[in-house]
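First the structure, in the form of structure tokens, and then the observations on it.
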Amino acid sequence: MNDWSLYLVTDPQLGGGPAHVPGIVDVAVRGRVSAGQLRDTDATDELVTQRAAQLKDTLADRVPLFVNDRVKTAVELGLHLHIGQDDMPYCTARDLLPSGCMIGLSVETPAHLDAVARDIADGIRPPDVLGIGPVEQTSTKPDAAAPLGVEGVRTLAARARVLGIPTVAIGHVSTRNGAALLRAGVDGLCTVSAVMAAADPLAAAQDLRTLIDDTLTRQEIK
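Taking full-length UniProt numbering, the leading residue of the sequence shown gets 1, the next gets one more, and so forth.
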């Protein structure tokens with residue numbers, strides 16, 4: 001079973017440039033990040049493939065590695081894929097990727113989950129993980145949908161649980177709101193700026209990991 005508890009999405013601008021991304025992800029994984037996603041929206045497909053290959057080598061299969069939106073890169077390198085609602089249709093992506101590759105899907109509204117439920121009813125393999133958000137307005141994705149807040153996340157996470165699909169919350173997620181989001185029912189926290197923009201990415205990842213472990217332990221005790 002995959003561990004979605006702490007999922008890092010990269011941002012080369014926040015990290016000081018593309019050359020710094022592998023090093024940041026490397027130390028974040030040492031800080032117990034459990035999944036990673038390369039997101040580099042401004043780069044060409046060729047550059048994304050080069051950078052994804054470098055990051056794949058850096059991680060050496062320590063955690064699952066997703067690439068955002070670039071299905072050709074995912075197929076070429078054998079990586080997992082994450083897509084949003086404005087990218088290619090989920091069923092198309094599923095047809096293009098080998099069965100061993102996972103797909104993550106962003107969901108922002110109940111209607112998006114209704115579409116997932118219809119796909120499942122039609123016999124299509126469900127997404128392996130759903131990114132619920134944005135929790136709050138975030139500068140890392142200025143074109144994102146309206147913020148859901150914790151209660152909006154709770155509603156979508158409950159529906160996803162009925163479908164049997166793990167969820168992570170994304171969109172300005174940090175130690176400030178992480179505990180509330182975990183209590184709202186998501187399986188993990190998906191962070192960008194809290195680690196990518198941190199002066200000490202290792203410490204930032206460790207702080208998030210401590211919060212996650214403490215929150216989940218308290219929930220188990222209850």
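Even for Gly, the Cβ is constructed at its ideal location relative to N, Cα and C. Bear in mind that the values here come from a model prediction, so they are computed numbers and not experimental data.
Assign residue i to one of three DSSP states: helix, strand, or coil.
| i | result |
| --- | --- |
| residue 37 | strand |
| residue 172 | coil |
| residue 14 | coil |
| residue 148 | coil |
| residue 167 | strand |
| residue 25 | helix |
| residue 201 | helix |
| residue 136 | coil |
| residue 62 | coil |
| residue 1 | coil |
| residue 125 | coil |
| residue 154 | helix |
| residue 161 | helix |
| residue 118 | helix |
| residue 214 | helix |
| residue 207 | helix |
| residue 30 | helix |
State the start and end residues of the unbroken beta strand (DSSP E) segment that holds residue i.
| i | result |
| --- | --- |
| residue 92 | Not the beta strand (DSSP E): residue 92 falls in the alpha helix (DSSP H), residues 90-96. |
| residue 188 | 188-191 |
Counting along the chain, where does the alpha helix (DSSP H) carrying residue i start and finish?
| i | result |
| --- | --- |
| residue 49 | 45-59 |
| residue 179 | 178-183 |
DSSP has residue i in a bridge; who is on the other side?
| i | result |
| --- | --- |
| residue 106 | 131 |
| residue 67 | 38 and 81 |
| residue 6 | 189 |
Closer than 7 Å by C-beta to residue i: which residues in its own chain qualify, once you throw out the five before and the five after it? Chain order, please.
| i | result |
| --- | --- |
| residue 72 | 45 |
| residue 208 | 6, 175, 178, 189, 191 and 194 |
| residue 124 | 91 and 94 |
| residue 169 | 132, 133, 135, 153, 181, 186, 189 and 190 |
| residue 70 | 45 and 48 |
| residue 26 | 58 |
Who are the Cβ neighbours of residue i in its own chain at under 6 Å, not counting the five residues just before and after it?
| i | result |
| --- | --- |
| residue 29 | 62 and 63 |
| residue 82 | 37, 66, 68 and 104 |
Counting only the same chain and skipping the five closest in sequence on each side, list residues whose C-beta sits under 8 Å from that of residue i.
| i | result |
| --- | --- |
| residue 215 | 178, 179, 182 and 183 |
| residue 211 | 175, 178 and 179 |
| residue 150 | 135, 177, 180, 181 and 184 |
Closer than 7 Å to a non-hydrogen atom of the ligand HEM - does that hold for the CB of residue i?
| i | result |
| --- | --- |
| residue 38 | As presented, the structure is devoid of all ligands, the ligand HEM included, so that no description of it is given. |
Query raised in the report: So, do the stretch 42-60 and the stretch 80-88 have three or more beta carbon pairs nearer to each other than 8 Å?
Result: no
Query raised in the report: Is there contact here, the stretch 109-116 with the stretch 155-163, by at least three beta-carbon pairs under 8 Å?
Result: The stretch 109-116, when compared against the stretch 155-163, does touch it at the 8 Å Cβ threshold.
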